[in-house]
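For any residue, its number in the working numbering is found by taking its place in the sequence shown, counting from 1, and adding 845.
Note that beta-carbon positions come from the ideal geometry of N, C-alpha and C, so glycine has one too.
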Amino acid sequence: MSQLDSGTFQQVKDLVLSGYHLNDIQGLACPTALLPAGTGVESLERFALERFRFRGTMTTTSIEDFVRYSKGYASATEKARCFIDADHMTARSVFNIGTLDNPGHADNAASITLKQTAPFRALL
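In structure tokens:
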């Protein structure tokens, strides 16, 4: 019979603890695995041919491009939020921000910084 050392006990403990979290990951839409070392949850998305969902950041100085991107990602089912800073002439729209009850990932966004043209500077 072989001797058991502390490493063996640690491995058994990690496997048992990871088993408690199996129900947590079963309902996830993105393929996920439990890693016994530290009982971490790891997404398997990086091994797939495509991403599980879209993520992106668009930055521009063009109102036309900002509006086109915003129209392309805002929808009736997944509304966008636009945060405007009039003092700095900037705006940032977040398309998958969700709601307080159902928060989204908020990792698809567009930002615009308007150029201070001569007529605008004359108003200051």
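Query: So, under 8 Å CB-CB, residue 911 and residue 905 are touching, yes? Tell me the CB distance rounded to an integer number of Å.; Result: 5 Å
Query: Determine the extent of the beta strand (DSSP E) in which residue 926 is found, giving its start and end residues.; Result: 926 to 930
Query: When you compare each of 943, 931 and 932 to residue 921 by their alpha carbons, which one comes out closest?; Result: 943
Query: Is it buried or exposed, residue 940, if we count other Cβ atoms within 10 angstroms and call 16 or more buried?; Result: buried
Query: In three-state terms, what does DSSP make of residue 919?; Result: coil
Query: Of the residues 965, 876 and 926, which one's Cα is nearest the Cα of residue 890?; Result: 876
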